[in-house]
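> Below you will find the structure I want to go over with you.
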Amino acid sequence: MGKHKRIAVFSMTPLFPDFAMGGGQVQLKKVALHLGELGHRLTILSTQREGSMTPFHWHENVAIRPVLRFKQPYPEPYFTPIYHIANAMRYMGEAIANADIHYSHDGGLIFPLVYQSKPTVISLRSIIYPETMQAALLFQGDEWILPSEHTRASYEAAVSPFAPAVRDRMHAIHNGFDWDVFRYRPPADIFEIIPAEIADHPVMLFPHRPDLNKGIYEVVQVAQRLVRDMGWERLRVLVPRWLDAESDPLNIAYYDQLRRAINEAGLADVFVFHDWISEALIPEYYSLADVTMCIGNCVETFGNTPFESLGCGTLPIVSRVAAYRDLLPDKHIDRVDYGDIDHASALAHQILSEGRRTAAATMRYLKAEYSLETMVSRFADVILKAVKKPPLQYRLPKLGAETIYQLAPWCYISPKRGIFHDFQAIYQNDDALIQITSDHPDGFPAAAVDGARLRAWIDDGYVVPVVTS
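The sequence shown begins at 1127 in the working numbering and counts up by one.
This is the structure we're talking about:
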C-alpha cells in the first residue's frame, strides 16, 4: 500500500465510542479500525449530539472530532442555520487540505468544491435520504462505493444518463461481518436491559429504529394472527426504544400511536419496549429470540439485521424489497412479498413450531461470502489507491424513438401481485408493462410503445433508459 496516508473522513451521522446509531456507522467503524491498524491516520469529522460532544478515539490512529452542527435528529440534516452549513464546509475543507485522501461515508457532504483538490472516495449507504441522492447527482468523486448490486444498479440508472463515465468509478462492496462476534451467545447480560422472564416465552424481534417503513405495523398484524389464530398466546415481541424516544416530539408521537395500535389489537402484554441495545449486547439479543422480523418496505441498500440474526442462530423473515430481494439465495433465507401478512404469519408459525435455527450450510455460505476481512480489505484497497481523476462531464440525455428502455432496478414482477415498486411501496397490475418487460428483459425500443403510455412509465419510475455510451 506504500507509505502511510492521512485520511480525512466525513460522517454526517453522529458517532460514539462504543455505540452505533445504525448499520452504516457499524461499517464505518470497522473500515476505520482496519485502516488504523495498517498505520494510516484517520481524522473523522462527525455531527454533534448528546453523548457525542467531545473528541475521542476508536484507535490511536483513528480520531473522531464531533464538530459538525447538522440538524438532529435525522432526517433533514440540512434543516439547520446556514452558518452551520458554512462551518461544516470550512471544517471539512481544512481537514481535507491537511490529508492525502478524503473519504465521505454516506456522501452527505453535497459540495464538490470542498473535496475537488484531493482524491475522494464517496460511499453512499442509502438511496432514500435527500442529501444522499443529492450527493449522487452532484457526484464528482474519484471512486464510488455502494453496498449492493441493487444500489449500484439504481444509482447507475439515475445518474449515468447524465454522466455515462460514472459507471467506471462504481464499486459494489457488500457489508462484512465478524462471525466470531455474531454467533450464538447464551443470554446473560442482556437481562440487564430485557426482563429475565422473557426467556420463558417464544420471542419475536423487531430490532429497528422508529421508522414506519421498517414494518412495525406489519409486525403488529403478524403478532395478532399468531396470538389470536395460531395458539401463540405467550408470544413476546421485543421493540427497542430509540435514543430520543422520550424527548423528540416526532418520536414521542410515533410511540404513542404505536402503543394505541398495539392496545387496540389486544397485544398490550405481547409487545415489550426496552432501551436501545449496545453493540456488545447485540449478539445476546439476537440469540435470545426465535424469529426476527424485517418485513417493512424500507428501501434497504444492504440491511445488516438479517445477517446478524442468522449469525446468532435466529432466522429472519424479510420482505422482497430492494436489496433484500437478492443479497442471499432463497435457500438461505425466508422471504415474503411486502404486505403479505398471511405468508409472513405462516412462516413465523412454522419457525416457532419447529424451533428452526440457522442451518450449517447457511453459516458456511455467510462466512465465505460476507466476511469482515474481505469487506475491510476491499474498502482499504479502493480508498488507499484513489487518485485524482478529471471532473466528470455531465450532459442532458438525448432520448428518442431509438432509445432502449428496461424495467427499473427498483421494480420487480411478483407472480401473484404484479409489479412492485420499491419507492412507491405499491403493486401495479399493468399487463402491458409486465408483458413487454418480460418479453424483453434486456430492453425494448421506445417506438414499440405508445408515446403517452411510455411517458407515464418513465414519469412514474417503472422504466429507465439503457445507457450505452
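For glycine and all other residues, C-beta sits at the position ideal for the given N, C-alpha and C. Small disclaimer: the values here were computed from a predicted structure and weren't measured.
Taking the alpha carbon of E1257 as the reference point, which residue from L1235, D1586, Y1241 has its own alpha carbon closest?
Nearest C-alpha to E1257: L1235.
> Whole angstroms is fine: what's the gap from R1579's alpha carbon to E1434's?
Whole-angstrom Cα-Cα distance: 43 angstroms.
> Jot down the residue ranges of each uninterrupted alpha helix (DSSP H) in the region 1526–1582, minimum 4 residues, whole runs only, in chain order.
Correct list: 1557–1565.
> Taking only three categories from DSSP, how would you classify H1469?
The answer is helix: DSSP assigns H1469 an H, G or I state.
> Closer than 8 angstroms is the cut-off here; do at least three beta carbon pairs connect the region 1420–1437 with the region 1397–1406?
With a cut-off of 8 angstroms, the region 1397–1406 and the region 1420–1437 do not count as touching, because too few Cβ pairs lie within range.
> Can you list, in chain order, the residues of its chain whose CB lies under 6 angstroms from that of V1152, leaving out five sequence neighbours each side?
Excluding sequence neighbours, V1152 sits near A1146.
> Would you call the CB atoms of F1332 and L1364 closer than 8 angstroms?
Taking 8 angstroms as the Cβ cut-off, F1332 and L1364 qualify as a contacting pair.
> Cβ atoms of A1391 and V1346: under 8 angstroms apart, would you say?
In contact: V1346 and A1391 (Cβ atoms closer than 8 angstroms).
> Pick helix, strand or coil for S1445, following the three-state DSSP scheme.
DSSP places S1445 in strand when its eight states are reduced to three.
> Are the CB atoms of L1498 and K1156 nearer to each other than 8 angstroms?
A contact, by the Cβ cut-off of 8 angstroms.
> Per the DSSP calculation, W1184 is bridged to which residue(s)?
According to DSSP, W1184 bridges with nothing at all.
> Let's see if you can read the secondary structure: which residues bound the beta strand (DSSP E) around V1247?
Unbroken beta strand (DSSP E) run through V1247: 1246–1249.
> Can you tell me whether DSSP reads R1293 as helix, strand or coil?
Residue state, collapsed to three classes: helix.
> Per the DSSP calculation, F1265 is bridged to which residue(s)?
According to DSSP, which records beta bridges pairwise, F1265 is partnered with nothing at all.
> I'd like the span of the beta strand (DSSP E) that includes P1366, first residue to last.
Counting along the chain, the beta strand (DSSP E) containing P1366 begins and ends at 1362–1366.
> State the Cα-Cα distance for the pair A1252 and A1284, rounded to the nearest angstrom.
In the sequence on display, residue 1252 carries Ser and not Ala. S1252 and A1284: Cα-Cα distance of roughly 14 angstroms.
> In chain order, what are the residue ranges of uninterrupted beta strand (DSSP E) at least 3 long that sit wholly in the region 1286–1361?
As far as the region 1286–1361 is concerned, its whole beta strand (DSSP E) runs of at least 3 residues are 1296–1298, 1329–1331.
> Between the alpha carbons of M1127 and L1510, how many angstroms are there, rounded?
Residue placement at M1127 is flagged as unreliable, the pLDDT there being 48, under the threshold of 50; the coordinate-derived value follows with that caveat. Those two C-alpha atoms are separated by around 7 angstroms.
> Which word fits M1179, buried or exposed, when buried means at least 16 other C-beta atoms lie within 10 angstroms of its C-beta?
Exposed, because fewer than 16 other Cβ atoms sit within 10 Å of the Cβ of M1179.
> Is the beta carbon of Y1531 less than 8 angstroms from the beta carbon of F1505?
For Y1531 and F1505, no; Cβs fall outside 8 angstroms.
> My understanding is that V1353 touches L1393, with C-beta atoms under 8 angstroms, so please give their C-beta distance in whole angstroms.
Sure, about 7 angstroms apart at Cβ, within 8 angstroms.
> Distance, Cα to Cα, N1187 vs L1522?
C-alpha separation (whole angstroms): 44 angstroms.
> Among G1481, L1525, P1455, whose alpha-carbon lies nearest the alpha-carbon of Y1491?
Of the listed residues, the one whose Cα sits closest to Y1491 is P1455.
> Is DSSP giving R1385 helix, strand or coil here?
In this structure, R1385 counts as helix in the three-state DSSP scheme.
> Taking the beta carbon of H1334 as the centre, do at least 16 other beta carbons fall within 10 Å, making it buried, or is it exposed?
With 16 or more other Cβ atoms within 10 Å, it is buried.
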